[in-house]
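There are 4 protein chains.
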Amino acid sequence: MKERPARVRWEQRTQRPLFVLAFAFAVAYAVPIVWPDASRDVERLCTTVEWTVWGAFALDYVIRLLLAERPAEFVRTHWLDLCAVLLPLIQPLRLLRLVSTLLLVGQRARVASQIRLTTYVGGSVVGLLMFGSLAVLSVERNSPNGNIKTLGDAVWWSFTTMTTVGYGDHAPTTGLGRMLAVGLMLSGIALLGVVTANIAAWFIARFEKDDVEERRQTAAIAELTREVRALRAEVAALSPPVRDEVEEQRH
Amino acid sequence: MKERPARVRWEQRTQRPLFVLAFAFAVAYAVPIVWPDASRDVERLCTTVEWTVWGAFALDYVIRLLLAERPAEFVRTHWLDLCAVLLPLIQPLRLLRLVSTLLLVGQRARVASQIRLTTYVGGSVVGLLMFGSLAVLSVERNSPNGNIKTLGDAVWWSFTTMTTVGYGDHAPTTGLGRMLAVGLMLSGIALLGVVTANIAAWFIARFEKDDVEERRQTAAIAELTREVRALRAEVAALSPPVRDEVEEQRH
Amino acid sequence: MKERPARVRWEQRTQRPLFVLAFAFAVAYAVPIVWPDASRDVERLCTTVEWTVWGAFALDYVIRLLLAERPAEFVRTHWLDLCAVLLPLIQPLRLLRLVSTLLLVGQRARVASQIRLTTYVGGSVVGLLMFGSLAVLSVERNSPNGNIKTLGDAVWWSFTTMTTVGYGDHAPTTGLGRMLAVGLMLSGIALLGVVTANIAAWFIARFEKDDVEERRQTAAIAELTREVRALRAEVAALSPPVRDEVEEQRH
Amino acid sequence: MKERPARVRWEQRTQRPLFVLAFAFAVAYAVPIVWPDASRDVERLCTTVEWTVWGAFALDYVIRLLLAERPAEFVRTHWLDLCAVLLPLIQPLRLLRLVSTLLLVGQRARVASQIRLTTYVGGSVVGLLMFGSLAVLSVERNSPNGNIKTLGDAVWWSFTTMTTVGYGDHAPTTGLGRMLAVGLMLSGIALLGVVTANIAAWFIARFEKDDVEERRQTAAIAELTREVRALRAEVAALSPPVRDEVEEQRH
Numbered sequence: 001m002k003e004r005p006a007r008v009r010w011e012q013r014t015q016r017p018l019f020v021l022a023f024a025f026a027v028a029y030a031v032p033i034v035w036p037d038a039s040r041d042v043e044r045l046c047t048t049v050e051w052t053v054w055g056a057f058a059l060d061y062v063i064r065l066l067l068a069e070r071p072a073e074f075v076r077t078h079w080l081d082l083c084a085v086l087l088p089l090i091q092p093l094r095l096l097r098l099v100s101t102l103l104l105v106g107q108r109a110r111v112a113s114q115i116r117l118t119t120y121v122g123g124s125v126v127g128l129l130m131f132g133s134l135a136v137l138s139v140e141r142n143s144p145n146g147n148i149k150t151l152g153d154a155v156w157w158s159f160t161t162m163t164t165v166g167y168g169d170h171a172p173t174t175g176l177g178r179m180l181a182v183g184l185m186l187s188g189i190a191l192l193g194v195v196t197a198n199i200a201a202w203f204i205a206r207f208e209k210d211d212v213e214e215r216r217q218t219a220a221i222a223e224l225t226r227e228v229r230a231l232r233a234e235v236a237a238l239s240p241p242v243r244d245e246v247e248e249q250r251h
Numbered sequence: 001m002k003e004r005p006a007r008v009r010w011e012q013r014t015q016r017p018l019f020v021l022a023f024a025f026a027v028a029y030a031v032p033i034v035w036p037d038a039s040r041d042v043e044r045l046c047t048t049v050e051w052t053v054w055g056a057f058a059l060d061y062v063i064r065l066l067l068a069e070r071p072a073e074f075v076r077t078h079w080l081d082l083c084a085v086l087l088p089l090i091q092p093l094r095l096l097r098l099v100s101t102l103l104l105v106g107q108r109a110r111v112a113s114q115i116r117l118t119t120y121v122g123g124s125v126v127g128l129l130m131f132g133s134l135a136v137l138s139v140e141r142n143s144p145n146g147n148i149k150t151l152g153d154a155v156w157w158s159f160t161t162m163t164t165v166g167y168g169d170h171a172p173t174t175g176l177g178r179m180l181a182v183g184l185m186l187s188g189i190a191l192l193g194v195v196t197a198n199i200a201a202w203f204i205a206r207f208e209k210d211d212v213e214e215r216r217q218t219a220a221i222a223e224l225t226r227e228v229r230a231l232r233a234e235v236a237a238l239s240p241p242v243r244d245e246v247e248e249q250r251h
Numbered sequence: 001m002k003e004r005p006a007r008v009r010w011e012q013r014t015q016r017p018l019f020v021l022a023f024a025f026a027v028a029y030a031v032p033i034v035w036p037d038a039s040r041d042v043e044r045l046c047t048t049v050e051w052t053v054w055g056a057f058a059l060d061y062v063i064r065l066l067l068a069e070r071p072a073e074f075v076r077t078h079w080l081d082l083c084a085v086l087l088p089l090i091q092p093l094r095l096l097r098l099v100s101t102l103l104l105v106g107q108r109a110r111v112a113s114q115i116r117l118t119t120y121v122g123g124s125v126v127g128l129l130m131f132g133s134l135a136v137l138s139v140e141r142n143s144p145n146g147n148i149k150t151l152g153d154a155v156w157w158s159f160t161t162m163t164t165v166g167y168g169d170h171a172p173t174t175g176l177g178r179m180l181a182v183g184l185m186l187s188g189i190a191l192l193g194v195v196t197a198n199i200a201a202w203f204i205a206r207f208e209k210d211d212v213e214e215r216r217q218t219a220a221i222a223e224l225t226r227e228v229r230a231l232r233a234e235v236a237a238l239s240p241p242v243r244d245e246v247e248e249q250r251h
Numbered sequence: 001m002k003e004r005p006a007r008v009r010w011e012q013r014t015q016r017p018l019f020v021l022a023f024a025f026a027v028a029y030a031v032p033i034v035w036p037d038a039s040r041d042v043e044r045l046c047t048t049v050e051w052t053v054w055g056a057f058a059l060d061y062v063i064r065l066l067l068a069e070r071p072a073e074f075v076r077t078h079w080l081d082l083c084a085v086l087l088p089l090i091q092p093l094r095l096l097r098l099v100s101t102l103l104l105v106g107q108r109a110r111v112a113s114q115i116r117l118t119t120y121v122g123g124s125v126v127g128l129l130m131f132g133s134l135a136v137l138s139v140e141r142n143s144p145n146g147n148i149k150t151l152g153d154a155v156w157w158s159f160t161t162m163t164t165v166g167y168g169d170h171a172p173t174t175g176l177g178r179m180l181a182v183g184l185m186l187s188g189i190a191l192l193g194v195v196t197a198n199i200a201a202w203f204i205a206r207f208e209k210d211d212v213e214e215r216r217q218t219a220a221i222a223e224l225t226r227e228v229r230a231l232r233a234e235v236a237a238l239s240p241p242v243r244d245e246v247e248e249q250r251h
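Residue numbers (the UniProt record's numbering), protein chains in the order written: chain A, 1 to 251; chain B, 1 to 251; chain C, 1 to 251; chain D, 1 to 251.
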């Protein structure tokens, strides 16, 4: 892409401070939910931190847009970021601020080339677990028929949901809680499936025995490579004399 | 296939009107279930719309059959469509009309070459969710021991079933509801599995790091390609002088 | 294998009668469970049919053993059949007779070369569903805390278990019922997973769009094939003149 | 690796005695949980056996560390073993002793080259089932709201969890029990998934029909191999006369 120089340098330089802000957001989001009896001052502070972090990421989006060589293309390929920036302005709900900031953090994390896939997937799973639990807890705690009343229950529910075990000892009962649960299911099952598959691969890894078809295929390619190598050797053995001959005849 | 010209032109021209009819059917099916206190006139209108849409798709099948160059082969390869056309004539049940129309819409959607795989799978999942929820709701609502009494519960139940989470806070209790659930399970789990796998792939996509064996295999092919390319260069270097030589000797 | 002639002819000739016997067993096993108020005569008849079918399959095993050219090897590679033959002699329990006969039928079905994979997997799933439901029903019906009391509940439970949905509205409570459930889970989940994967593939099939990596790999091979084909054309263009030349020089 | 000789000989010679000790640990861990009314002497004996087995594995780690040619590298690549050795010294809890010894046994089992993948995965699944059940039982039995009170319930719960069926008829209610459950879920689902996939493969194995794409790919490689083989034959047919010619011309 042509826009590399300026934008990429900005993205690399702002990576660490934005990560620190993301962590601050996580704390500011968790505190009023985990500690519901907090004083009004603490609550106000947390809200301020949330708005600040969202603002910093929104500003980061605007700066990246200005630094982009083709702004129209940047807006088109980053429409999800734009939505995340605009959403809390239209509806200043706490939940929308959470989703927006998570989206902006996720989009930025994907840009950071130093982050490895394992870290990204692991971080997403932990983030989904944590924010999914907290959001469902804050929604369900006040529901009269709700059964997710403590943080422990919420985390346990997230875990049994993302592994698709689904005991049903805890389940959201409100419409909003269920919408959050559907989001958590779709993304959480997908990502925790990747984690589980990696754990299975880790158990198996040191045995270096792949499944039959895979092996057969690799064997086919290996056989083919041997074949071509032999062919090449033959052609190599064939070519120099011919050239000599040609040269001899030319002189 | 030889039958392309006439039939394919018909299929392309009727695509949009049939899609509009399919949408009308969705509305006509949903209204009396979501709004059970609707007046008799509304109910009668909905039934008329349902029969009309089914009729249009049945007519479409007949016309495609007449336009087909080999009608016998068309009937054999589209036996599912034939069943869907005949079923509501034998048993004019609402549920059979739903299944028939869904089948006919699905078969036609697959023919439409403009529809992409993502749209098709996504549309099928949304359709299964919506019609599965509505059908189970209409069946379970009147069951004395049933626990699926509102549309929200029905959609939530569909979701927890298709993701195989299965909390068990809501589950069909009647024989017909369970038969619908089995159909939803088999097709829904299969399709939502595709969606979840795609979400996982989307998360991972931008990292372009594949699992080990895949990489090893691609590497093997790449190595082989280099090998062959080198061989070809050698042969290319070898061949012109030989030809020259041959030509020289011929003169 | 050397034992083909005699044994294989026997296996092909007995295939149909044994299939009929397997069907008779299914009926004889189901009747007393589905119809618990049946007269003693019906029950005695069913038991006789069960013993006869098991006996026929046991006899089939003995005849195949006698027809085998290397009996020792046959016993070693068919130890599961031997267990299935001997088990009901040691413990004449109804459940053991069921497991034994199912094993013998399954082993014979795998030998029959006319049966296609889809039929085999589908038949196994239906068989596991049916016999799993019946066996769990017969065990759980008499349990005081049991919640699987009707055939409908048993089939529904089998289905929600094999799809891993597991609502928990019905679950075995006795030790024997749970052991049956574990067997059903391990084999049923494995097989119904194959069925679900096939349904997903059937939905996707007509679009012929594979996932990215698969396509990239196939593309790599295709590119390589083009490369090699070009090389071959070059070599082919190269070789005849050389031969001519050689022949010319020899003359 | 350079450290082979001394360390590998030690590992091979100690394999069997350590396996016997691992079995003794399993018994010593199970007895006080399965038989809660055991006399104090039995309990004290079991604790002694547990400590002895852990000590033996810790000693094994120290000896392997001393035998390693590069101790620093050995510590770095076996940091999990080091944790497992040190943990019970810091916190002499029974549960930590279990996790530590399991980790040490698992790490040693992976080193043993005689153990095949199937045995390793199968052993891990059985081990996870058994120790997971016992640990959760010992934690949940004393919980007032707990519903896992007997060994049968615990094993049944482990099974429904590891298959992700999750009926919810039994589920841990204490924080410690849930943490154990999360560990069991992540590792158990991963490993039992491997087992289920193998069962499915075993059902399908004798039919030797692979899925379409796999076959198409192998076919592509096979076609390519044929192509290359033909090419090689051509080149082979081409090369000897040329050499003869060259030799003739040189003389």
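For every residue, glycine included, the Cβ atom is placed at its ideal position computed from N, Cα and C.
Note that this is a predicted model, so its numbers are computed, not measured.
For residue i, count the other beta carbons within 10 Å of its own beta carbon; 16 or more makes it buried, fewer makes it exposed. Which is it?
| i | result |
| --- | --- |
| alanine 72 of chain C | exposed |
| arginine 97 of chain A | buried |
| tryptophan 54 of chain C | buried |
| proline 92 of chain B | exposed |
| serine 138 of chain A | buried |
| threonine 163 of chain C | buried |
| threonine 14 of chain C | buried |
| valine 62 of chain D | exposed |
Going by the beta-carbon positions, is the gap between residue i and residue j smaller than 8 Å?
| i | j | result |
| --- | --- | --- |
| leucine 134 of chain A | alanine 201 of chain A | no |
| arginine 85 of chain D | leucine 192 of chain D | Reading the sequence as shown, one finds valine at residue 85 of chain D and not arginine. No. |
| alanine 190 of chain D | threonine 118 of chain A | no |
| glycine 132 of chain B | glycine 188 of chain B | yes |
| leucine 21 of chain C | alanine 58 of chain C | no |
| valine 136 of chain B | isoleucine 148 of chain B | yes |
| phenylalanine 203 of chain A | valine 49 of chain D | no |
| valine 18 of chain B | aspartate 60 of chain B | Looking at the sequence shown, residue 18 of chain B is not valine but leucine. For leucine 18 of chain B and aspartate 60 of chain B, yes; Cβs fall inside 8 Å. |
| isoleucine 199 of chain C | leucine 186 of chain B | yes |
| aspartate 169 of chain C | alanine 171 of chain B | yes |
| valine 75 of chain A | glutamate 11 of chain A | no |
Taking 6 Å as the limit between beta carbons, can you name the residues of its chain near residue i, skipping five residues before and five after?
| i | result |
| --- | --- |
| cysteine 46 of chain C | Ala28, Val31, Pro32 |
| proline 36 of chain A | none |
| arginine 7 of chain D | Arg64, Leu67, Ala68 |
| serine 143 of chain A | Thr173, Thr174 |
| glycine 152 of chain C | none |
If you drop the 5 nearest sequence neighbours on each side, which residues of the same chain put their C-beta closer than 8 Å to that of residue i?
| i | result |
| --- | --- |
| tyrosine 167 of chain D | Thr160 |
| valine 99 of chain D | Ala84, Leu87 |
Once the 5 residues before and after residue i are set aside, which same chain residues still bring their CB inside 7 Å of it?
| i | result |
| --- | --- |
| aspartate 244 of chain B | Summary for aspartate 244 of chain B: the model assigns pLDDT 43, below 50, so the residue's position carries little reliability, and this model does not support an answer. |
| alanine 38 of chain A | Val31, Pro32 |
| leucine 95 of chain D | Ala135 |
Subject >> contact_flag[the segment 98–108 of chain D, the segment 146–156 of chain D] where n(CB pairs < 8 Å) is 3 or more >> reply: no
Original post:
Are at least three pairs of beta-carbons, each pair with one atom in the segment 181–191 of chain C and one in the segment 172–184 of chain D, less than 8 Å apart?
Top reply: no
Original post:
Going along the segment 121–136 of chain B in order, which residues come within less than 9 Å of chain C, judged by CB to CB distance?
Top reply: Val121, Ser124
Original post:
What residues in the UniProt domain "Potassium channel" (132–203) of chain C have a beta carbon less than 7 Å from any beta carbon of chain D?
Top reply: Thr161, Thr164, Gly166, Gly168, Ala171, Gly175, Arg178, Val182, Met185, Leu186, Ser187, Ile189, Ala190, Leu191, Gly193, Val194
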